[in-house]
C-alpha cells in the first residue's frame, strides 16, 4: 500500500523532509503524498518515516492502493536509478521478524 495523509494533518511539515523519495508536498489544506512516488520507505527504512515522525498519526496505509514489497522496491529503483538499494529487515517492513 502507498501511504496517505488524512485530513487530521495539522500542517506541521515534519514528514516532508523524512521522505527518501520526495513524495510529500504541501497541498491546499494538508500535506499530501504522491502515491506514484511513495515506496513506504522500502529500500531505505523498515517503516514509513513520515508515520514515525507524525505527531497526530495521520500518515496511514492507503486502503485503495495495496502494493507488495516487489512493486514498492521496483518503484524505488525507478525513482533512484543507479543507487544501490537494500532489501533487509532494516529496509523493508515486509521482512521484519
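Residue numbers (our numbering): 599 to 695. Idealized CB from N, CA, C, for every residue including glycine. Keep in mind that this is a model prediction, so the values were computed, not measured.
State the CB to CB distance for the pair residue i and residue j, rounded to an integer number of angstroms; the pair is presumed to be in contact (CB under 8 Å).
i	j	result
residue 687	residue 644	6 Å
residue 556	residue 641	Residue 556 is absent from the structure shown; the chain starts at 599 and stops at 695.
residue 599	residue 665	6 Å
residue 618	residue 652	Between residue 652 and residue 618 the Cβ distance is about 16 Å, and since that is not below 8 Å, they are no contact.
So what's residue i in DSSP terms, helix, strand or just coil?
i	result
residue 659	strand
residue 692	helix
residue 677	helix
residue 630	strand
residue 638	coil
residue 606	coil
residue 684	coil
Closest by CA to residue i, which one among the options?
i	options	result
residue 614	689, 605, 632	632
residue 663	634, 656, 676	634
Taking 8 Å as the threshold (C-beta atoms), are residue j and residue i in contact?
i	j	result
residue 616	residue 647	yes
residue 654	residue 608	yes
Within a Cβ cutoff of 6 Å, which residues of the same chain sit near residue i, ignoring the five residues on either side of it in sequence?
i	result
residue 690	640, 667
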